[in-house]
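Here is the structure we will look at.
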Amino acid sequence: MNKSNFKENTRYTITWRTADGKLRPANIYVYKLFETAMIARMTDKSGFLYKIGYDDIIKIVHEKAVDKENQYGIPAAVLDEKIWKDRTMMERYSSSSHMGK
80 MNKSNFKENT RYTITWRTAD GKLRPANIYV YKLFETAMIA RMTDKSGFLY
130 KIGYDDIIKI VHEKAVDKEN QYGIPAAVLD EKIWKDRTMM ERYSSSSHMG
180 K
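Written out as structure tokens, the structure is:
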């Protein structure tokens with residue numbers, strides 16, 4: 080996979096290769112796309128943000144764009160590529176303003 084296979088503010092169901100080499104299903108919300116990786120939140124787990132390399136994604140099972148009013152908001156500084164240079168995970172709560180949170 081590569082950057083062109085993904086869009087920001089979109090939910091995906093994917094098959095990905097974890098750090099231990101196992102293939103796992105995952106539901107993600109993509110916040111930001113970089114050249115070799117993306118910043119995404121696992122929607123079926125805790126509020127952690129992950130840096131996921133495109134090479135680690137084996138298959139896209141489902142894709143669903145998120146309406147503007149339901150998009151999760153995170154400050155741009157948190158999604159800056161310099162912040163993620165030496166980081167693979169970050170705990171960060173986010174929600175949609177439409178959801179009242």
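Residue numbers (this note's numbering): 80 to 180.
Note that beta-carbon positions come from the ideal geometry of N, C-alpha and C, so glycine has one too.
It should be emphasised that the depicted structure is a prediction, and the values quoted were computed from it without experimental measurement.
- Under DSSP, the beta-bridge partners assigned to Pro104 are Thr94.
- Considering only Leu112, Arg120 and Ala105, the residue with the shortest C-alpha distance to Asn84 is Leu112.
- About 6 Å separates the CB atoms of Ala119 and Tyr108; that is less than 8 Å, so the two are in contact.
- If you draw a straight line from the Cα of Lys101 to the Cα of Gln150, it is about 30 Å long.
- Linking Thr122 to Asn106 through their CA atoms gives a straight-line distance of about 6 Å.
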